[in-house]
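Chains as they are written, first to last, in our numbering: chain A, 1 to 346; chain B, 347 to 692.
Taking it in order: structure first as structure tokens, then the write-up.
Number of protein chains: 2
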Amino acid sequence: MTEKIRETGERVTIRTVAEDAGVSTAAVSKVLRNAYGVSDTLRSKVLTSIEKLGYRPSTAARGMRGKTYSIGLLLTEMENAFLPKVVRGAKEVFGAANYQVMIGVGEAQASIEQSLIDSMMDMRMDGVLLVAPRLTGTVLAGYAAKTPLVVIGHHEPSAETFDTVNSDDVAGAREAVCALIASGYRDIHMTSLSQRRFDMPAGEGEVFTMRETGYLAAMQEAGLSDRARIWRLREREGCEGPPLTDLLKVGPRPEAVFCWSDIHALELINLAWSRGVRVPEDLAIVGYDDTPAAGMPIVGLSSVNQQGADLGRQAARAMLSRIEGRTTPEHILLEPALKTRRSSGS
Amino acid sequence: MTEKIRETGERVTIRTVAEDAGVSTAAVSKVLRNAYGVSDTLRSKVLTSIEKLGYRPSTAARGMRGKTYSIGLLLTEMENAFLPKVVRGAKEVFGAANYQVMIGVGEAQASIEQSLIDSMMDMRMDGVLLVAPRLTGTVLAGYAAKTPLVVIGHHEPSAETFDTVNSDDVAGAREAVCALIASGYRDIHMTSLSQRRFDMPAGEGEVFTMRETGYLAAMQEAGLSDRARIWRLREREGCEGPPLTDLLKVGPRPEAVFCWSDIHALELINLAWSRGVRVPEDLAIVGYDDTPAAGMPIVGLSSVNQQGADLGRQAARAMLSRIEGRTTPEHILLEPALKTRRSSGS
């Protein structure tokens with residue numbers, strides 16, 4: 001039977017698989033999308049037939065229920081060494097459910113991001129997962145009306161039509177600054193970004209604003225508010241805003257710096273090294289994201305780990321349940337943890 | 347006129363743009379795909395109308411000539427810090443021609459790569475650009491029969507149905523090893539990968555085999571063939587093959603090591619640091635790819651720069667001309683250049 005079908009050149013469809021396995025096409029579909037409640041026996045039957053027949057669920061065939069089994073994933077950039085962890089976690093969950101992931105890179109520009117999301121919808125992807133988009137809640141809600149939408153790195157717990165998955169950036173920053181205070185540092189500054197991209201109510205916003213909140217809270221609790229200072233700098237070479245070198249050259253140097261991201265912290269630890277400023281003796285540094293470079297023994301940068309892979313996994317799970325029909329919003333907050341290394345002097 | 351169209355809610359199409367600009371739809375299409383021979387006047391007219399009308403070339407509208415103005419880009423992984431440069435270069439050229447890039451991550455597994463390429467074709471992307479795929483030339487030729495195909499990081503100058511864009515890996519490796527020899531090193535080993543993924547004729551193959559060729563040639567030219575040794579190690583934690591630590595613990599240590607990639611070189615320079623092996627006094631190291639971590643002052647790793655952005659740009663240009671109808675193959679080889687830092691003792 002199998003051979004006959006293939007010899008005649010007939011297309012192997014979900015129907016052929018169902019016939020061969022002796023089950024309904026709905027059952028095959030369930031196995032394909034890894035739906036809840038599929039028995040091991042059913043899965044095994046269907047997978048055996050799929051393998052035997054050489055069946056490949058094409059976009060068209062998969063489209064049965066209007067599905068393409070593909071997810072659009074929008075990243076801000078490729079260079080941020082934190083993002084691969086998020087992608088890996090998301091792909092793990094999507095892959096197990098037979099979804100493919102197509103990644104667009106928005107280059108931190110709202111217009112490029114929108115054009116990529118439009119394309120993902122044009123391609124009939126089943127949902128769009130955004131990481132740290134530059135888009136306002138209003139724009140996001142507009143897309144959420146048209147496609148299942150989940151956003152990582154955008155704090156908006158009041159959003160009703162899409163899900164958010166975040167690390168608790170206030171708690172992470174607070175933990176980092178408390179650790180510096182516990183080590184005896186008092187003059188602790190923070191680096192953040194120069195562009196506040198859009199105004200949002202308290203408790204909502206982009207990750208760096210939440211980290212500023214955590215920094216200020218920790219300083220205040222320790223009675224150090226008058227020593228607090230936030231340097232609003234450009235993200236990296238080529239971005240807008242004053243450079244990180246300003247922090248080292250203006251006035252007396254702080255004893256310690258909490259950086260909103262490893263992008264700043266790695267630049268700072270290298271600047272210090274190049275200028276003979278000893279870390280942590282002359283300057284303690286804590287970063288954020290626990291990127292691979294921070295963990296290199298030569299570098300030894302303390303950094304807050306926000307569990308990128310978990311962010312990706314949780315976001316992917318939220319997306320799958322949204323695709324399955326959930327409409328009540330989920331706003332997930334994960335607990336970060338400071339990874340202590342030499343640079344923070346403890 | 348413009349306002350009227352928008353008020354009535356009529357869709358702004360390529361035809362509307364053509365009417366508004368007073369040109370043919372073919373001319374608008376030419377401007378949209380940045381075709382050769384478009385005058386500045388025509389481009390300016392059309393772009394003005396596009397902006398005025400708020401026209402967004404949708405997949406459907408763009409599909410006029412069967413085009414979606416999207417390119418599938420397949421990467422092996424997200425973690426390799428060299429790849430963002432390639433993506434940036436490719437996106438620069440594709441973006442200027444109004445093409446969008448959708449990235450799939452193949453996780454260095456042929457089956458995942460094939461499934462992603464299948465999806466890209468199902469989504470009617472206009473071409474597929476592969477970076478260091480795990481697929482054989484035969485499989486690549488199979489895809490090339492169905493879609494414009496350009497491959498980076500796969501040496502197969504005899505391929506007739508697809509283009510290849512590579513850095514000259516033999517020359518890059520040779521330059522790195524010659525520099526070590528010029529600095530007085532004699533016992534120079536190399537690290538490479540343990541898996542030879544498939545057999546290919548001389549002069550063809552994966553980048554690491556070409557770098558082995560360059561290493562061996564430099565050693566032979568200096569009369570050091572008997573001191574040459576290639577360590578075939580796993581790519582990184584989690585991959586197959588013996589770990590890099592083998593190199594430091596078995597027998598007398600070499601004076602210098604040329605690593606096929608910064609992935610190995612960064613691991614080695616950190617291992618040396620952790621064990622009190624001075625670099626370059628006790629062990630000189632040269633890597634490959636000139637990744638951001640290699641360039642950090644604290645790290646100071648010499649590394650061969652293979653101009654990732656140029657590889658991406660050239661590949662994107664090749665893709666555009668293939669989409670425009672070129673069928674004769676192009677096999678482009680770029681010149682790499684060693685970036686010398688502290689780790690190689692010069």
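All residues carry an ideal CB built from backbone N, CA and C; glycine is no exception.
query, result
"DSSP beta-bridge partners of residue 619/B", "Bridge partners of residue 619/B: none, in fact."
"Chain A within 7 Å of residue 465/B, Cβ atoms only", "yes"
"Cβ contact check for the segment 645-661 of chain B and the segment 514-522 of chain B: 3 or more pairs under 8 Å", "yes"
"Pairwise C-alpha distance: residue 346/A and residue 183/A", "6 Å"
"Run of the beta strand (DSSP E) containing residue 471/B, from where it starts to where it stops", "That residue, residue 471/B, is in no beta strand (DSSP E); it is neither H nor E in DSSP."
"Cα-Cα separation, residue 462/B to residue 217/A", "47 Å"
"Runs of alpha helix (DSSP H) wholly within the segment 224-299 of chain A (minimum 4 residues, chain order)", "245-249, 262-274"
"Residue 629/B versus residue 623/B: straight-line alpha-carbon distance, rounded", "7 Å"
"Coil, strand or helix - residue 109/A by DSSP", "coil"
"Neighbour flag for residue 609/B against chain A, beta carbons, 7 Å", "no"
"Cross-strand partners of residue 497/B (DSSP beta bridge)", "476/B, 510/B"
"Buried versus exposed, by CB contacts within 10 Å (16 or more), residue 567/B", "exposed"
"Interface positions of the segment 285-302 of chain A facing chain B (Cβ-Cβ less than 7 Å), listed along the chain", "293, 296, 297, 298, 299"
"Closest by C-alpha distance to residue 565/B, when choosing among 534/B, 641/B, 595/B", "534/B"
"Neighbouring residues, chain B, relative to residue 237/A (Cβ below 9 Å)", "Ordered by position in chain B, no residue passes the 9 Å Cβ test against residue 237/A, which lies about 11 Å from the chain."
"Sequence-distant residues of the same chain with beta carbon closer than 6 Å to residue 418/B, five excluded per side", "448, 466, 471, 474"
"Contact set between residue 104/A and chain B, taken where Cβ atoms lie within less than 9 Å", "446, 447, 448, 449"
"Where the segment 140-152 of chain A meets chain B: residues whose CB sits under 8 Å from a CB there", "none"
"Validate contact between the segment 255-266 of chain A and the segment 130-137 of chain A using beta carbons, cut 8 Å, 3 pairs", "no"
"Classification of residue 652/B by the beta-carbon crowding that lies within 10 angstroms, buried from 16 upward", "buried"
"Integer Cβ distance of residue 373/B from residue 392/B, believed to fall under 8 Å", "7 Å"
"CA-to-CA distance, residue 488/B to residue 437/B, given in whole angstroms", "26 Å"
"Three-state class that DSSP yields for residue 340/A in the structure shown", "coil"
"Residue 601/B classed as buried or exposed, judged by whether at least 16 other C-beta atoms fall within 10 angstroms", "buried"
"Same chain, Cβ closer than 8 Å to residue 233/A, neighbours up to 5 away in sequence not counted", "191, 192, 193, 194, 241, 242, 243, 244, 246, 247, 264"
"Given 8 Å, three or more beta-carbon pairs between the segment 636-643 of chain B and the segment 442-461 of chain B", "no"
"Under 7 Å between C-beta atoms of residue 422/B and residue 454/B", "yes"
"Chain A within 7 Å of residue 616/B, Cβ atoms only", "yes"
"Proximal residues, the segment 426-439 of chain B versus chain A, C-beta separation under 8 Å", "427, 429, 430, 433, 434, 437"
"Chain B contact for residue 274/A (CB, 7 Å cutoff)", "yes"
"Interfacial residues, the segment 211-227 of chain A to chain B, with Cβ spacing under 8 Å", "none"
"Beta-carbon separation (whole angstroms), residue 224/A vs residue 186/A, contact threshold 8 Å", "6 Å"
"Assigned secondary structure, residue 38/A (DSSP; H/G/I helix, E/B strand, else coil)", "coil"
"Distance, residue 338/A Cα to residue 158/A Cα", "28 Å"
"Residue of 209/A, 181/A, 83/A, 322/A minimising C-alpha distance to residue 154/A", "209/A"
"Where residue 648/B sits in the DSSP three-state scheme", "strand"
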